[in-house]
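Chemist: Numbered continuously in UniProt numbering, the sequence shown closes out at residue 295. Glycine residues also receive a C-beta, built at the ideal position from the N, C-alpha and C atoms. Treat the numbers as computed from the prediction; the structure is a model and nothing was measured. Take a look at the following structure, please.
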Amino acid sequence: RILPGVVVLPSYNPLLIASEMAMLDHLAPGRVGIGVARGGGRYQLDRIGVDPAAAREVYEEALEIIRRVWVEDDVTYDGRYFSFPRTTIVPKPASQPGPDLWVGSQSVDGVRKVAADGMNLLTAPNWGNFEPHGDLEALLEAYNTAAAESGAPRGEVMVYRHTWLGRTEADALEYFDDMVNEYNHYLALTQTGAKGTREERLKARGTGEKVDFVKSGRVIPAEETPSSEALWEQYSDPVLATPEKMIGRFKEMEAMGVDHLACLIAWGQPIEAVVAQMELMAEQVLPAFADQERV
Numbered sequence: 001r002i003l004p005g006v007v008v009l010p011s012y013n014p015l016l017i018a019s020e021m022a023m024l025d026h027l028a029p030g031r032v033g034i035g036v037a038r039g040g041g042r043y044q045l046d047r048i049g050v051d052p053a054a055a056r057e058v059y060e061e062a063l064e065i066i067r068r069v070w071v072e073d074d075v076t077y078d079g080r081y082f083s084f085p086r087t088t089i090v091p092k093p094a095s096q097p098g099p100d101l102w103v104g105s106q107s108v109d110g111v112r113k114v115a116a117d118g119m120n121l122l123t124a125p126n127w128g129n130f131e132p133h134g135d136l137e138a139l140l141e142a143y144n145t146a147a148a149e150s151g152a153p154r155g156e157v158m159v160y161r162h163t164w165l166g167r168t169e170a171d172a173l174e175y176f177d178d179m180v181n182e183y184n185h186y187l188a189l190t191q192t193g194a195k196g197t198r199e200e201r202l203k204a205r206g207t208g209e210k211v212d213f214v215k216s217g218r219v220i221p222a223e224e225t226p227s228s229e230a231l232w233e234q235y236s237d238p239v240l241a242t243p244e245k246m247i248g249r250f251k252e253m254e255a256m257g258v259d260h261l262a263c264l265i266a267w268g269q270p271i272e273a274v275v276a277q278m279e280l281m282a283e284q285v286l287p288a289f290a291d292q293e294r295v
């Protein structure tokens, strides 16, 4: 399956996103989806002329436009942020009412809204990585409760996890330092991390994210130093493990109500190692889920 995501809708014209995804849906019918979100980076929005405080409203208008032009002809729109005369995209998506939509959210309030709208959820740690056990369970509880209370059908849930499979425990930790490096670059633009409280970790980001993390042509990373000791016992993400342990962790998430898992396996390693990792996953892990339609 092909799923660009997440696409930060306030950064794009929604008519272009709708038409490009419709064409892609014809090239791979029934195999295309798109993950969308409002975005959490003030640095980028400031520089393309989008008020970060308005990002949520811009996102809502953009998503409405995409969903409408996928199924309607001669759409006119006069919103606060987007306006256009009678418009039809050609071709319409091969799939109706369009490619699968996945809404990215990483906060309790956010996933509640996704559920109440009857949308599929795409979620990942709110600060990049090193997610303590219990955070995912809290998000799933919020999603399921909101879906039940709203009466909307429960959508599907896709979870991002940083993974690295090793034939031995030592192999699984081979690129741990690269993982920490990626984590610190992500933390450069966020407000909290794994050391914060669960409430802090799972709250919606405001509009006051750091904006001074790019200097002299490079991102200035944070300087956190997570340890690989007790990694498995402390964190749900990353999943750096042998085949048996990785399969077990994936089964646990499946039992929680996770429908799909997106494995993030490239965070600075040599491309040859990433390709070999994909082959090893296909050999050692995917057969455990072979009886399922999609993994």
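Is the Cβ-Cβ distance between G257 and L140 less than 9 angstroms?
Modeler: Position 257 of the sequence shown, counting from 1, holds the residue named residue 257. Position 140 of the sequence shown, counting from 1, holds the residue named residue 140. Against a cut-off of 9 angstroms, the Cβ pair of L140 and G257 comes out as a contact.
Chemist: Hey, could you find the ends of the alpha helix (DSSP H) L16 is sitting in?
Modeler: As a first step, residue 16 must be located in the sequence shown, where it is residue number 16. Element bounds for L16: P14 to L27.
Chemist: I want to know whether the stretch 92-111 touches the stretch 21-36 - three or more CB-CB distances under 8 angstroms.
Modeler: The answer is yes - the stretch 21-36 touches the stretch 92-111, with three or more Cβ pairs under 8 angstroms.
Chemist: Going by alpha carbons, who is nearest to A124 out of A276, A290, S228 and Y183?
Modeler: For the purposes of this step, residue 124 is identified with residue 124 of the sequence shown, where counting begins at 1. Nearest of A276, A290, S228 and Y183 to A124, Cα basis: Y183.
Chemist: I need the straight-line Cα distance from I253 to E244, nearest angstrom please.
Modeler: In the sequence shown, the residue the question calls residue 253 occupies position 253. In the sequence shown, the residue the question calls residue 244 occupies position 244. Looking at the sequence provided, one finds Met at residue 253 rather than Ile. Cα to Cα, M253 sits roughly 15 angstroms from E244.
Chemist: Under a three-way DSSP split, which group does F84 fall into?
Modeler: Counting from one through the sequence shown, the residue named residue 84 turns up at place 84. Here F84 sits in strand by DSSP.
Chemist: Assuming contact is defined by CB atoms lying nearer than 9 angstroms, are R201 and P132 in contact in what I supplied?
Modeler: Start at 1 with the first residue of the sequence shown, and residue 201 comes out as number 201. Start at 1 with the first residue of the sequence shown, and residue 132 comes out as number 132. In this structure, P132 lies closer than 9 angstroms to R201 by Cβ.
Chemist: Do you know how far the Cα of I220 is from the Cα of P29?
Modeler: For the purposes of this step, residue 29 is taken as the residue at position 29 of the sequence shown. For the purposes of this step, residue 220 is taken as the residue at position 220 of the sequence shown. Those two C-alpha atoms are separated by around 42 angstroms.
Chemist: Between T87, T197, A116 and Y143, which lies nearest to V108 when the distance is taken from Cα to Cα?
Modeler: Working through the sequence shown from its first residue, we reach residue 108 at position 108. Here the closest residue by C-alpha is Y143.
Chemist: Count the other C-beta atoms from every protein chain shown that fall within 10 angstroms of the C-beta of G246, then say buried if there are 16 or more, exposed otherwise.
Modeler: By one-based count along the sequence shown, residue 246 stands at place 246. Residue 246 is actually Met in this sequence, not Gly. With 16 or more Cβ atoms within 10 Å of its Cβ, M246 is classed as buried.
Chemist: Helix, strand or coil: which one does DSSP assign to Y175?
Modeler: The sequence position of residue 175 within the sequence shown is 175, counting from 1. Note: Y175 maps to coil in three-state DSSP.
Chemist: What's the gap between the Cα of V295 and the Cα of S216?
Modeler: Your numbering for residue 295 matches position 295 in the sequence shown. Your numbering for residue 216 matches position 216 in the sequence shown. A caution first: V295 carries a pLDDT of 39, below 50, which makes its placement in the model too unreliable to give a value.
Chemist: For V275, which three-state DSSP category applies?
Modeler: By one-based count along the sequence shown, residue 275 stands at place 275. Three-state DSSP puts V275 in a helix.
Chemist: Exposed or buried, E61, counting other C-beta atoms within 10 Å across all chains shown (16 or more means buried)?
Modeler: One-based indexing of the sequence shown puts residue 61 at position 61. Label assigned to E61: buried.
Chemist: Taking the straight line between their C-alpha atoms, what separation do you get for V7 and R38?
Modeler: Here residue 7 is taken as the residue at index 7 of the sequence shown, counted from 1. Here residue 38 is taken as the residue at index 38 of the sequence shown, counted from 1. Using only the alpha carbons, I get a separation of about 8 angstroms.
Chemist: If you check the beta carbons only, do D25 and S95 fall under 9 angstroms apart?
Modeler: Position 25 of the sequence shown, counting from 1, holds the residue named residue 25. Position 95 of the sequence shown, counting from 1, holds the residue named residue 95. Going by C-beta atoms, D25 is nearer than 9 angstroms to S95.
Chemist: Check whether the Cβ atoms of L173 and V285 sit closer than 9 angstroms, and answer yes or no.
Modeler: Position 173 of the sequence shown, counted from the first residue, corresponds to residue 173. Position 285 of the sequence shown, counted from the first residue, corresponds to residue 285. Cβ atoms of L173 and V285: not closer than 9 angstroms.
Chemist: Report yes if the C-beta distance between D237 and N129 is below 9 angstroms; otherwise report no.
Modeler: Counting from 1 along the sequence shown, the entry for residue 237 is found at position 237. Counting from 1 along the sequence shown, the entry for residue 129 is found at position 129. It is a contact, given that the beta carbons lie within the stated cut-off.
Chemist: To the nearest angstrom, how far is the alpha carbon of W127 from that of D135?
Modeler: The sequence position of residue 127 within the sequence shown is 127, counting from 1. The sequence position of residue 135 within the sequence shown is 135, counting from 1. Between W127 and D135, the C-alpha separation is close to 12 angstroms.
Chemist: Opposite H162 in the DSSP bridges: which residues?
Modeler: Mapped onto the sequence shown, residue 162 falls at position 162. According to DSSP, H162 bridges with L264.
Chemist: Where does D237 sit, in a helix, a strand or coil, going by DSSP?
Modeler: By one-based count along the sequence shown, residue 237 stands at place 237. If DSSP states are grouped into helix, strand and coil, D237 belongs with the strands.
Chemist: In chain order, what residues of the same chain lie with their CB nearer than 7 angstroms to the CB of G268, ignoring the 5 residues before and after it?
Modeler: In the sequence shown, the residue the question calls residue 268 occupies position 268. Correct list, in chain order: D178, N181 and E182.
Chemist: Going by DSSP, what residues sit across from R218 in a beta bridge?
Modeler: Here the question's residue 218 lines up with position 218 in the sequence shown. Its beta-bridge partners are K215.
Chemist: Checking the sheet assignment: what are the DSSP bridge partners for P132?
Modeler: Taking the sequence shown and counting its residues from 1, one reaches residue 132 at position 132. DSSP, once it has assigned bridges, lists Y235 as partnering P132.
Chemist: Rounded to the nearest angstrom, what separates Q86 and D73 at their Cα positions?
Modeler: On the sequence shown, residue 86 is found 86 positions in, with the first residue counted as 1. On the sequence shown, residue 73 is found 73 positions in, with the first residue counted as 1. Contrary to the premise, residue 86 reads as Arg rather than Gln in this sequence. So the alpha carbons of these two residues sit roughly 8 angstroms apart.
Chemist: Could you pull the start and end residues of the alpha helix (DSSP H) that G248 belongs to?
Modeler: Translated into the one-based positions of the sequence shown, residue 248 becomes position 248. P243 to M256 is the extent of the alpha helix (DSSP H) around G248.
Chemist: Just curious, the alpha helix (DSSP H) that L45 is in, first and last residue?
Modeler: Counting from one through the sequence shown, the residue named residue 45 turns up at place 45. First-last of the alpha helix (DSSP H) with L45: R42 to R47.
Chemist: Taking the runs of the alpha helix (DSSP H) that are 4 residues or longer, which of them lie wholly in the stretch 79-125?
Modeler: For the stretch 79-125, whole alpha helix (DSSP H) runs of length 4 or above, ordered along the chain, are 108-116.
Chemist: For the alpha helix (DSSP H) holding residue 304, just list the boundary residues, first then last.
Modeler: Residue 304 is absent from the model: the chain starts at 1 and stops at 295.
Chemist: Determine which residues share a DSSP beta bridge with A230 and list them.
Modeler: Taking the sequence shown and counting its residues from 1, one reaches residue 230 at position 230. The partner list for A230 (beta bridge, DSSP) is empty, contrary to what the question assumes.
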